[in-house]
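The sequence shown runs 19 to 166 under the numbering used here.
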Amino acid sequence: MSQMSRRNVLAAGAVGVAGVALVGCSSGDDTSTSEPTDQATEPAQTSPAAAGEELVATADVPVDSGVIVDAGETKVVVTQPQAEQYVGLSAVCPHQGCLVNEVADQVIVCPCHGSQFSITDGSVVQGPAMTGLSPVPVVVDGDQIVLG
């Protein structure tokens with residue numbers, strides 16, 4: 019009987035030590051297996067492009083959709099929610115800094131955790147992001163969309 023008690027105590031102790039070790043190794047962050055890319059860990063617009071810098075031709079931005087533009091270190095989503103109406107938004111998801119990678123079905127999609135944003139104003143359509151994409155001023159200059 020005393021051997022059984024000793025085994026139970028040792029087994030319980032081993033389980034307790036393993037549990038403490040696992041908790042100690044945990045960061046407490048999201049347990050998702052998706053990791054942001056190295057690019058996504060950089061702060062948004064660390065070296066912003068200059069006002070007036072050409073981003074994309076107006077003809078390349080579809081109505082009811084948009085394109086993701088890499089202007090140096092500035093990552094911008096340019097959308098056209100209605101004909102002749104262009105919107106500039108940061109391509110950096112406010113949830114954990116990943117770069118959005120798709121504009122489809124009138125939403126901008128972040129691949130890391132599935133957040134979706136409106137092409138009209140960057141507001142959150144689906145979380146986990148709690149805030150929308152930051153606006154980036156853009157203007158039409160001839161047949162080009164440029165930073166405002």
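All residues carry an ideal CB built from backbone N, CA and C; glycine is no exception.
DSSP beta-bridge partners of D88: Along the sequence shown, read from residue 1 onward, the residue named residue 88 stands at position 70. Per DSSP, K93.
Alpha-carbon to alpha-carbon, S133 and Q114: Mapped onto the sequence shown, residue 114 falls at position 96. Mapped onto the sequence shown, residue 133 falls at position 115. A direct Cα-Cα distance of roughly 10 Å separates Q114 from S133.
Distance between P112 and S52 (C-alpha atoms, nearest Å): Within the sequence shown, the letter at position 34 stands for residue 52. Within the sequence shown, the letter at position 94 stands for residue 112. Confidence is the limiting factor: at S52 the pLDDT is only 40, short of 50, which leaves the residue's position unreliable, though a coordinate-based value still follows. Approximately 16 Å, taken between the alpha carbons.
Residue environment, Q100, which counts as buried when at least 16 other CB atoms sit within 10 Å: As a first step, residue 100 must be located in the sequence shown, where it is residue number 82. With fewer than 16 Cβ atoms within 10 Å of its Cβ, Q100 is classed as exposed.
Neighbour-count burial assignment, V14, 16 or more Cβ in a 10 Å radius: Because the chain in this structure spans residues 19 to 166, residue 14 falls outside the shown range and cannot be described.
Extent of the continuous beta strand (DSSP E) to which L117 belongs: The sequence position of residue 117 within the sequence shown is 99, counting from 1. DSSP places L117 outside any beta strand (DSSP E), giving it a letter other than H or E.
Cβ-based burial, S108 [other Cβ within 10 Å; buried from 16]: Within the sequence shown, numbered from 1, the residue matching residue 108 stands at position 90. Buried, by the Cβ-count rule.
N- and C-terminal bounds of the beta strand (DSSP E) containing A75: In the sequence shown, counting from the first residue as 1, residue 75 sits at position 57. Bounds of the beta strand (DSSP E) holding A75 are 72-75.
Short CB-CB distance (under 8 Å) between V164 and chain C: Protein chain content of the structure displayed is limited to a single chain, and chain C is not contained in it.
Nearest neighbour of G166, chosen from A122, G90, G106 [CA to CA]: To locate residue 166, count along the sequence shown from 1; it is residue 148. Of the candidates A122, G90, G106, the one whose C-alpha sits nearest the C-alpha of G166 is G106.
For S141 and V94, the rounded distance between their alpha carbons: One-based indexing of the sequence shown puts residue 94 at position 76. One-based indexing of the sequence shown puts residue 141 at position 123. Between V94 and S141, the C-alpha separation is close to 15 Å.
Beta-carbon proximity check, I137 vs V74, cutoff 8 Å: Here residue 137 refers to the residue found at position 119 when the sequence shown is read from its first residue. Here residue 74 refers to the residue found at position 56 when the sequence shown is read from its first residue. In this structure, V74 does not lie closer than 8 Å to I137 by Cβ.
Within 8 Å, strictly: CB atoms of F135 and L151: As a first step, residue 135 must be located in the sequence shown, where it is residue number 117. As a first step, residue 151 must be located in the sequence shown, where it is residue number 133. Contact annotation: F135 and L151 have beta-carbon atoms nearer than 8 Å.
D159, enclosing beta strand (DSSP E) - first and last residue: Stepping through the sequence shown from its first residue, residue 159 is reached at position 141. First-last of the beta strand (DSSP E) with D159: 156-159.
Own chain, CB closer than 7 Å to P153, minus 5 neighbours either side, in chain order: Start at 1 with the first residue of the sequence shown, and residue 153 comes out as number 135. Take P153, set aside five residues on each side of it, and the residues of its chain with a beta-carbon closer than 7 Å to its own are G106, L107, G140, in chain order.
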